[in-house]
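Residue numbers (numbering that gives the first Met the number 0), protein chains in the order written: chain B, 0 to 325; chain V, 0 to 266.
Beta carbons are placed, not taken as given, at the ideal position from N, Cα and C, and that holds for glycine.
Let me begin by presenting the structure, written as structure tokens, before commenting on it.
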Amino acid sequence: MIKITNLSKTFKVFKRGKGIRRAFVSLFKREYTRVEALRGIDLNVNAGEIVGYIGPNGAGKSTTIKIMAGILHPSGGECVINGHVPYLNRQEYVKDIGVVFGQRTQLWWDVPIIDSFELLKDIYKIDDKTYEDNLAYLTEKLNLSELIETPLRQLSLGQRMRCEIAGALLHSPKILFLDEPTIGLDAVSKLAVRDFIKKLNKDKKVTVILTTHDMNDIDYLTNRLVLIGKGKILYDGSLSYIKKKYASDKYLVMNLAKMESKIELNDLDLVEVSDYTIKVRLKSDLSDLESTIKLVNSKYKVSDFSIKDTSLEEIISSLYREYEII
Amino acid sequence: MRKYFTFFKMRLLAGFQYRSAAWAGVGTQFFWGLMYIMIFMAFYRSSDGNSPMSLTEIVQYFWLQQALFAFLFAFNHDAKIAKSIISGDLAYELVKPLSLYKMWFASIFSSKLAATILRSWPILLISFLMPGTYRFVLPSSFGVFGLFLVTLSFALIINVLLGMFMYYLMFITLEIKSTVTIFANFSSFLSGGLIPLAFMPLFITKLNYFLPFRLGYDVPLRVYSGNIAGSEVLISIGLQVIWIIILFSLGNLLFSKRLKKIVVQGG
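Encoded structure:
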């Protein structure tokens, strides 16, 4: 479905030294630096897959998505998607893809959502039957029935994102690119969006490429994780492998009954200490659990405790650190 | 064709959302028209009567100019499009199965047409009811009115095509306000938007024969008021058609070259 080989993209960025003299000079002679956003990316995706595409800010995620969507021309390499080269026969190619940019909007600001949808229907030349079917499906699954007659400007961010996603799917695309679809959404909206993507992939076999900073999105949706950093693909494989590799640590979190200004537990591997809580790293087989609780309880009064795994966020940041991309 | 009609419908719908803005626009245009006419009346009263346009022609000229404000000024920019260039929202336009140039053309054309439909009739209605010399009158014949409609339609196309160059400049400058200001000064001076071209010195008139600006503005107004007639009108229509072809081809070319170089940053 998607075949990318050795893709690269270089941007020219205007640069100016500080101070008035340099500012004046730059009026006549501009200096540029080259920023290599992508340096040789390879990626293969099969039809019906969901791929979670992650990396720190500025790693090249959005650039890749924009090349795949036909918006940017790459500086080198090849990209063939669904039998097309996106940026070469853009108009033909985009009929089969849907794109959602979490930080932008394609719907019209001041008219009801349904009018924007009607315009998309005409732009993509969707026949009446397909349009009605898709609209009914999307309205039901994304719970839009009360929103589509409201102008975009009166909707909340979560409602807006649901409408944007619906707008990108009216023409039954085979591939869906989601660039940070859950950015800024509250917990309920996030769940709704995630749920929907999963259903869509199951019902309609849509291939989904998703970038996000929220690891739970990926955990919920897919097992295929692609990590990009400094313009290179650093990892392409299963999320469970990463979890196993980095998440061996277990933590004991204890809540104290009263505030302790000074905590002295030199024998323990303390991770975090605050007025009311103590977080201790345990051995992975929990053999030291009992002794740890006893030790702490003998010095301070523990009111409650829980055992925690490494969070996904922590796993990813240790991954980023290992690859030295932040 | 259908999608272009839908664009028009959308613009009309969006226009209706802002009723008070529309009425405020009508008010502004009406007073501008009145002011222009009064200035020229004072001017005529003190002159020796040897002027390139008669007072009646001037009155027609300014009422029409104000009624068709949205139609005639190429620099009336479309905020939605301008913003999409600066913010990068045009990324979304590029994932549509349409040529960006043609889509924007249709969109801007529609918004100008919709704005004119919403705003022109109250001004025309009031000006028809004005007393004495201030009154706006129907053209001398159906023939003249027909020629007016033809030149006006072509003028609108020319204005939209000229405006496209303004958006092209925005791709380079990434700045809305100053681009519009430069373009507006330039185009309104050369089109006759500041002072009717008939009053301009000869060398500017000569220069203007080689430029498209007057064809999008001055020509239809002077056809309606009867200031130009006969073969001169037919030549103007011919020139309008030629310029439409030139401007469209050039704009289309520039856009497709530019789109290979765009950078959409962030998000």
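Contact annotation for M169 (chain V) against chain B: no contact, minimum CB-CB distance about 17 Å [criterion: below 7 Å]. Distance check between F195 (chain B) and each of B:E139, B:M214 and B:T210 places B:E139 closest, using alpha-carbon atoms only. Closer than 9 Å at the C-beta level to chain B, one finds these residues of the segment 1 to 13 of chain V: R1, K2, Y3, F4, T5, F6, K8, M9, L12 and A13. Chain V has no Cβ within less than 8 Å of the Cβ of A165 (chain B).
The Cβ atoms of V240 (chain V) and F135 (chain V) do not sit closer than 8 Å to each other. Taking each of B:L42, B:E91 and B:I96 in turn and checking the Cα distance to G76 (chain B), the smallest one comes out for B:L42. Per DSSP, the beta bridge partners of L6 (chain B) are B:I40. CA-CA distance, I122 (chain V) to C78 (chain B), rounds to 56 Å. Counting only the Cα atoms, K120 (chain B) lies some 8 Å from D126 (chain B). Among the residues facing chain V, K94 (chain B) is included, as its CB has a counterpart in that chain under 8 Å away. Per DSSP, the unbroken alpha helix (DSSP H) holding G32 (chain V) starts and ends at R18 to R44.
At a C-beta separation below 8 Å, L97 (chain V) has these neighbours in chain B: Q90 and I122. In the three-state reduction of the DSSP assignment, M199 (chain V) falls in the coil class, being assigned neither a helical nor a strand state.
Pairwise C-beta distances place the segment 167 to 179 of chain B in contact with the segment 205 to 220 of chain B, as three or more of them are shorter than 8 Å.
Taken atom to atom, the span from the alpha-carbon of V93 (chain B) to that of T62 (chain B) is near 17 Å. The beta carbon of F147 (chain V) is closer than 8 Å to those of P138, P219, V222 and Y223 in its chain, skipping five residues each way along the sequence. Nearest CB-CB separation between Q64 (chain V) and chain B: not below the 8 Å threshold.
Within the segment 97 to 124 of chain V, L97, S98 and M102 place their CB atoms closer than 9 Å to a CB of chain B, listed in sequence order.
F74 (chain V) sits in coil when the DSSP states are folded into three classes, being neither helix nor strand. Look at the beta carbons and you see the segment 250 to 270 of chain B touching the segment 305 to 314 of chain B: at least three pairs across the two are nearer than 8 Å. Only those residues of the segment 53 to 84 of chain B whose C-beta falls short of 8 Å from the nearest C-beta of chain V are listed: S61, K65, A68, G69, I70, L71 and H72. Within 8 Å of the CB of R103 (chain B), the CB atoms of chain V belong to S86, G87, D88, A90, Y91 and G266, in sequence order along the chain. For F23 (chain B), no chain V residue has a Cβ inside 8 Å of its Cβ, as the nearest lies near 19 Å away. T206 (chain B) is bridged by DSSP to B:I174.
Under the Cβ distance rule, E117 (chain B) counts among the residues neighbouring chain V, one pair being separated by less than 8 Å. Contact annotation: in the segment 242 to 264 of chain V, residues whose CB is within less than 9 Å of a CB in chain B are L258, K259, K260, I261, V262, V263 and Q264.
Counting only runs that start and end inside the segment 89 to 125 of chain V, the alpha helix (DSSP H) elements of at least 4 residues fall at 89 to 92. Going by DSSP, D95 (chain B) is part of no alpha helix (DSSP H) at all; its letter is neither H nor E. The beta carbon of V136 (chain V) does not come within 8 Å of any beta carbon belonging to chain B, so the residue lies off that interface. S283 (chain B) and I277 (chain B) have their C-alpha atoms roughly 18 Å apart.
Under the three-pair Cβ rule at 8 Å, the segment 28 to 44 of chain B counts as touching the segment 5 to 13 of chain B.
If you ignore the 5 residues before and after L63 (chain V), its C-beta comes within less than 7 Å of the C-beta of L220 and Y223, all in its own chain and listed in chain order. Remark: fewer than three beta-carbon pairs, one from each stretch, lie closer than 8 Å, so the segment 33 to 53 of chain V and the segment 74 to 83 of chain V are not flagged as touching. Look at V94 (chain V): its C-beta is under 8 Å from a C-beta on chain B.
In this structure, the straight-line span from the alpha carbon of L99 (chain V) to that of I243 (chain V) is close to 18 Å. Taking V270 (chain B) as the centre and dropping the five residues before and after it, the same chain places the C-beta of Y250, K278, V279 and R280 closer than 7 Å to its C-beta, in chain order.
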